[in-house]
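Below is one structure, written out as structure tokens; comments come after it.
Protein chains: 2
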Amino acid sequence: MTYCIGIRLNAGLVFLSDSRTNAGIDQISTFRKMIVYEKPDDRFMVLLSAGNLSISQSVREILQLESIDRGHNRPALTIWNAESMFDAARVLGAAVRRVYQQDGPALQAAGVDFNASMIFGGQIKGEAMRLFLVYSAGNFIEATRETCFMQAGESKYGKPILDRMLTPTTPLDEAAKCALVSMDSTLKSNLSVGLPLDLLVYREGEFRSEQIVCIDERNPYFQMICSSWGQRLQEVFKGIPDPVWDGGATEHPLCTPSDRYELMRKLARPEDRIV
Amino acid sequence: MTYCIGIRLNAGLVFLSDSRTNAGIDQISTFRKMIVYEKPDDRFMVLLSAGNLSISQSVREILQLESIDRGHNRPALTIWNAESMFDAARVLGAAVRRVYQQDGPALQAAGVDFNASMIFGGQIKGEAMRLFLVYSAGNFIEATRETCFMQAGESKYGKPILDRMLTPTTPLDEAAKCALVSMDSTLKSNLSVGLPLDLLVYREGEFRSEQIVCIDERNPYFQMICSSWGQRLQEVFKGIPDPVWDGGATEHPLCTPSDRYELMRKLARPEDRIV
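Those protein sequences? They're chains A and B, same order as listed.
Numbering follows this note's numbering, with no gaps: position 85 of the first sequence is 85.
Position in the second sequence (first residue = 1) + 275 = this note's numbering.
So this is what it looks like as structure tokens:
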């Protein structure tokens, strides 16, 4: 599996991906899942891919060649001439569909799902930044103000912290920190996600980024996140009072005796069904 | 879906379940997923069920009747006469298999997975406490010192906090708090899990429990958990320094210029594949 995050903020975009690929638990490899498409002062796009590696590599291979024929009098649409990120996402979707045409039937015959999901975001001059999640059918959804991040791959472990911390006004570096904390929780709970990580921060209107880094286990900042977050979580956790049973005198009682006995009566008589 | 947690500690057992059942997003109902089987001073067992509600209700219905014929000269094995929790779990597994025999083919014909998983734990006199996760094939695994908790249903959102906080020496009330925090994160990130919750704490060797409570949105302790945990998480998160790019002078730099440019060179040239 994989874990990838894309975040669209007012200030810019944040992308983070791990690099573990596994076919079963005993075939684990390291592959980068982030690729950057840049044309200075014109467009800056980032693609993160999750799912079957052969599919995402094929998609990336043909993405730059891929074009959608718009008719005889106009040049074919590519990610390099698209006038909007929406059109660029359509080109990406078309690339996914082309791989499906090429490989789908053989994969199906072999019992392998056509499984690919891709986070694709960036900015094309004349337009605001946009962020998409492209599915294996080549269709896609776009991040909005209400849902300002997209996840692909092993997304559930790290979702609560993103849900709690991110809004469109979150500063870029804070969002990068949040993505790294989300990744740290995922790494701790799921073997199929692994270091090194690729992190990229894009600032609105720049059409380039110098904030990109490959993070391995020796990275001082990520080491600090891993140890501080776990440790302070422990402190916060210990700081929240334990439940007090029948605590009529406490500020936040877990229950009163009447709650309890009523429920016990319902649950503990095996001859009753409790529904 | 559902979210259920069972925890086996040196001091006792903790069980927590939500009560949301949904068939699609627009058919949501409330059903209790916890049932207690108690024979004073002899045995105390708790069953939490996730998956298809018709399956788990059928399993519970026949569990008390279900028996495994052990031969002509011995009485049939039931959860009420089993001499070990392992045997009681076998009875539960047999009940699941009986429902599969009854309903499996019709469910399959209707395109419905035979989907059920159950957390089953407790203590029978003469034996230590034990905790099992029973799968839809009726097979099961047991919690150990290394992995002292079992989850069923929507387990991923709430797993990181359990991974970080629980060990066999965790006190019972602290483990109950941890289960509630795990449930809070799951409730916040997944609509298919919902209040009220059933929480039960069992103390080793007692063969009964008075620590059982149904928690709804008005519960003062759970309200405190929901607000305090989110708020203190925010504080801790804000307290961790944001990444500093090219921060040679900072204590935990995210990167040095050389890291960065090398990677940018690799990722940003679209003519290269980056693998």
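No residue lacks a Cβ here, since even glycine has one placed at the ideal position from N, Cα and C.
Source: prediction; values computed, not measured.
DSSP three-state assignment for V244 of chain A, whether helix, strand or coil: The sequence position of residue 244 of chain A within the first sequence is 244, counting from 1. The DSSP-derived three-state label of V244 of chain A is coil.
Does chain B have any CB closer than 8 Å to the CB of Y3 of chain A? Taking the first sequence and counting its residues from 1, the one referred to as residue 3 of chain A is at position 3. Chain B has no Cβ within less than 8 Å of the Cβ of Y3 of chain A.
For F222 of chain A, the three-state DSSP class (helix, strand or coil): Against the first sequence, residue 222 of chain A aligns to sequence position 222. Of the three classes helix, strand and coil, the one that applies to F222 of chain A here is helix, per DSSP.
In this structure, what does DSSP give as the bridge partners for G51 of chain A? Working through the first sequence from its first residue, we reach residue 51 of chain A at position 51. DSSP links G51 of chain A through a beta bridge to A:A116.
M129 of chain A vs E204 of chain A beta-carbon contact at 8 Å: By one-based count along the first sequence, residue 129 of chain A stands at place 129. By one-based count along the first sequence, residue 204 of chain A stands at place 204. Taking 8 Å as the Cβ cut-off, M129 of chain A and E204 of chain A qualify as a contacting pair.
Where P160 of chain A and N190 of chain A are concerned, what is the direct C-alpha to C-alpha distance, given to the nearest angstrom? Indexing the first sequence from 1 puts residue 160 of chain A at position 160. Indexing the first sequence from 1 puts residue 190 of chain A at position 190. Their Cα atoms are separated by approximately 15 Å.
Supposed contact pair G396 of chain B and V321 of chain B - C-beta distance, whole angstroms, cut 8 Å: Numbered from its first residue, the second sequence carries residue 321 of chain B at position 46. Numbered from its first residue, the second sequence carries residue 396 of chain B at position 121. So it is a contact: roughly 6 Å between Cβ atoms.
Quick one: does P253 of chain A have its CB under 8 Å from some CB of chain B? As a position in the first sequence, residue 253 of chain A is number 253, starting the count at 1. Yes - at least one Cβ of chain B is within 8 Å of the one on P253 of chain A.
Using the C-alpha atoms, what's the distance from G230 of chain A back to N10 of chain A? The sequence position of residue 10 of chain A within the first sequence is 10, counting from 1. The sequence position of residue 230 of chain A within the first sequence is 230, counting from 1. Going from the Cα of N10 of chain A to the Cα of G230 of chain A covers about 29 Å.
Check whether the Cβ of F395 of chain B lies closer than 8 Å to any Cβ atom in chain A. If you number the second sequence from 1, residue 395 of chain B lands on position 120. Interface flag for F395 of chain B against chain A is unset, since no Cβ pair is found closer than 8 Å.
Quick one: what's got a C-beta closer than 7 Å to R32 of chain A's C-beta in the same chain, skipping five residues either side? In the first sequence, residue 32 of chain A corresponds to position 32, counting from 1. The residues are S19 and D198.
Taking beta-carbon pairs under 8 Å, can you tell me which members of the segment 169 to 182 of chain A lie near chain B? Listed by position along the chain: P171, D173, E174, A176, K177, C178, L180 and V181.
Just to confirm, is the Cβ distance from A391 of chain B to V334 of chain B under 8 Å? Numbered from its first residue, the second sequence carries residue 391 of chain B at position 116. Numbered from its first residue, the second sequence carries residue 334 of chain B at position 59. One thing to note: A391 of chain B has its Cβ within 8 Å of the Cβ of V334 of chain B.
CA-CA distance, P220 of chain A and V193 of chain A? Against the first sequence, residue 220 of chain A aligns to sequence position 220. Against the first sequence, residue 193 of chain A aligns to sequence position 193. Taking the straight line from one Cα to the other gives about 20 Å.
Alpha carbon to alpha carbon, how far is L382 of chain B from L328 of chain B? Translated into the one-based positions of the second sequence, residue 382 of chain B becomes position 107. Translated into the one-based positions of the second sequence, residue 328 of chain B becomes position 53. Taking the straight line joining both Cα atoms gives about 13 Å.
With I225 of chain A and I515 of chain B assumed to form a contact (beta carbons below 8 Å), what rounded beta-carbon distance in angstroms separates them? Counted from its first residue, the first sequence places residue 225 of chain A at position 225. Counted from its first residue, the second sequence places residue 515 of chain B at position 240. Contact flag correct, Cβ pair sits at about 7 Å.
When we look at the beta-carbon of V462 of chain B and count the other beta-carbons within 10 Å, is it buried (16 or more) or exposed? Sequence index remark: in the second sequence, residue 462 of chain B carries index 187 (1-based). It should be noted that the sequence gives Leu, not Val, for residue 462 of chain B. Looking at its Cβ environment, which holds 16 or more other Cβ atoms inside 10 Å, L462 of chain B is buried.
Partners in chain A for P435 of chain B, counting only beta-carbon separations shorter than 7 Å: Translated into positions along the second sequence, residue 435 of chain B becomes position 160. Those within 7 Å of P435 of chain B in chain A are Y157, S185, K188 and S189.
Give me the residue from A:R164, A:F237 and A:A88 with the minimum Cα distance to W80 of chain A. The residue you call residue 80 of chain A lines up with position 80 of the first sequence. The shortest CA-to-CA distance from W80 of chain A to any of A:R164, A:F237 and A:A88 is the one to A:A88.
Three-state secondary structure (DSSP) at V275 of chain A? In the first sequence, residue 275 of chain A corresponds to position 275, counting from 1. Unreliable placement is indicated for V275 of chain A, whose pLDDT of 30 sits below 50; no coordinate value is reported for it.
Same chain, Cβ closer than 8 Å to F482 of chain B, five either side skipped, listed in chain order: Position 207 of the second sequence, counted from the first residue, corresponds to residue 482 of chain B. Answer for F482 of chain B: E313, K314, P315, D316, D317, R318, F319, Q398 and K400, listed in chain order.
So, is the C-beta of P315 of chain B closer than 8 Å to a C-beta in chain A? Counted from its first residue, the second sequence places residue 315 of chain B at position 40. It does not; no Cβ of chain A falls within 8 Å.
For F237 of chain A, the three-state DSSP class (helix, strand or coil): By one-based count along the first sequence, residue 237 of chain A stands at place 237. Helix.
Under a CB-based cut-off of 8 Å, is V488 of chain B close to chain A? Residue numbering aside, residue 488 of chain B sits at position 213 when the second sequence is read from its first letter. Yes, V488 of chain B counts as interfacial toward chain A.
Can you tell me whether P449 of chain B is helix, strand or coil according to DSSP? The sequence position of residue 449 of chain B within the second sequence is 174, counting from 1. Position check: residue 449 of chain B holds Glu in this sequence, whereas Pro was assumed. Reduced to three states, the DSSP call for E449 of chain B is helix.
Residues that Y496 of chain B contacts on chain A, provided the C-beta gap is smaller than 7 Å: Taking the second sequence and counting its residues from 1, the one referred to as residue 496 of chain B is at position 221. Within 7 Å Cβ-Cβ: P243, H252, P253 and L254.
In the DSSP assignment, the alpha helix (DSSP H) including G104 of chain A goes from what residue to what residue? Position 104 of the first sequence, counted from the first residue, corresponds to residue 104 of chain A. Segment M85 to A109, the alpha helix (DSSP H) holding G104 of chain A.
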